[in-house]
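Counting in my numbering, the sequence shown runs from 2 upward without gaps.
To keep things clear, I will list the structure first and then write my remarks on it.
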Amino acid sequence: MTARYTRSPIALVINSHHAVRRALCERISASFANFQLREAATIEDALYILDEEEIDIVLIDGDRNGINGLKTTRAVLERSPRSSIVVMSAFSEPACRSAASEAGAMAFVSKRAIGTELMQVLATLTGDFESKQQSFE
Numbered sequence: 002m003t004a005r006y007t008r009s010p011i012a013l014v015i016n017s018h019h020a021v022r023r024a025l026c027e028r029i030s031a032s033f034a035n036f037q038l039r040e041a042a043t044i045e046d047a048l049y050i051l052d053e054e055e056i057d058i059v060l061i062d063g064d065r066n067g068i069n070g071l072k073t074t075r076a077v078l079e080r081s082p083r084s085s086i087v088v089m090s091a092f093s094e095p096a097c098r099s100a101a102s103e104a105g106a107m108a109f110v111s112k113r114a115i116g117t118e119l120m121q122v123l124a125t126l127t128g129d130f131e132s133k134q135q136s137f138e
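Spelled out as structure tokens, the structure:
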């Protein structure tokens, strides 16, 4: 019998506000004990992290401090095409959701519903991650 190796999903939270990043990471940790979390304040920091390790899920703040969610999504996918991207935005109009999808995001979460909607999206992506791992066994 061979030993079965499964690793925990690794999520990267990109947000320019330290307090917001920490709050998101704490919320995710409380809901998903198996997640490994990384944080980046800028796209440059995020790209460095993506160069250093395989990231499964990337949470992008589409609104803050000049971080353009769509440009960031494209840059992340260029560097890490297997990552699942979640764009979070205060703008929840259908055009914003559609633009995020066209840029390559797997999900779009309105900041107004971040408490419940984000956890549901992460649960779905975690299930997808586990299915991918099983297919490589």
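Glycine included, every Cβ here is placed at the ideal spot set by N, Cα and C.
In this text the structure is predicted, and so the values were computed from the model without any measurement.
Exposure label - residue i; buried when at least 16 CB within 10 Å
i      : result
Pro82  : exposed
Ile68  : Note that Ile68 scores a pLDDT of 46, beneath 50, so its modelled location is shaky; the value from the coordinates is reported in the next line. So Ile68 ends up on the buried side.
Gly63  : buried
Ile15  : buried
Ala34  : exposed
Pro95  : exposed
Arg22  : buried
Gly128 : exposed
For residue i, the first and last residue of its enclosing beta strand (DSSP E)
i      : result
Arg39  : Gln37 to Ala41
Asp62  : Ile58 to Asp62
Ala114 : Unbroken run through Ala114: none, as it is neither H nor E.
Residue i - containing alpha helix (DSSP H), residue span
i     : result
Ala31 : His19 to Ser32
Ala76 : Gly70 to Arg80
Ala47 : Ile44 to Glu53
Below-9 Å beta-carbon distance, residue i vs any chain C residue
i     : result
Pro95 : Protein chain content of the structure displayed is limited to a single chain, and chain C is not contained in it.
Backbone secondary structure at residue i - three-state DSSP
i      : result
Val88  : strand
Ala106 : coil
Ser99  : helix
Contacts around residue i, its chain only, beta-carbon distance under 6 Å, and the 5 residues preceding and following it disregarded
i      : result
Arg28  : none
Ser93  : Ser111
Ser144 : Outside the displayed span of the chain (2 to 138) sits residue 144, for which this structure offers no information.
Ala42  : Ser17
Contacting residues, own chain, Cβ-Cβ under 8 Å from residue i (five flanking each side not counted)
i     : result
Met2  : In this predicted model, Met2 has a pLDDT of only 44, less than 50, meaning its place in the structure is not dependable; the value taken from the coordinates is given anyway. Nothing listed; no residue qualifies.
His19 : Ala42
Beta-carbon proximity of residue i to residue j, cut-off 9 Å
i      : j      : result
Ser90  : Ala101 : yes
Leu51  : Leu13  : yes
Thr74  : Ile61  : yes
Ala104 : Leu123 : no
Leu38  : Arg80  : no
Leu119 : Val87  : yes
Cut-off 7 Å between Cβ atoms - residues of its own chain near residue i, not counting five sequence neighbours on either side
i     : result
Phe36 : Ser9, Pro10, Ala12, Ile29 and Ser30
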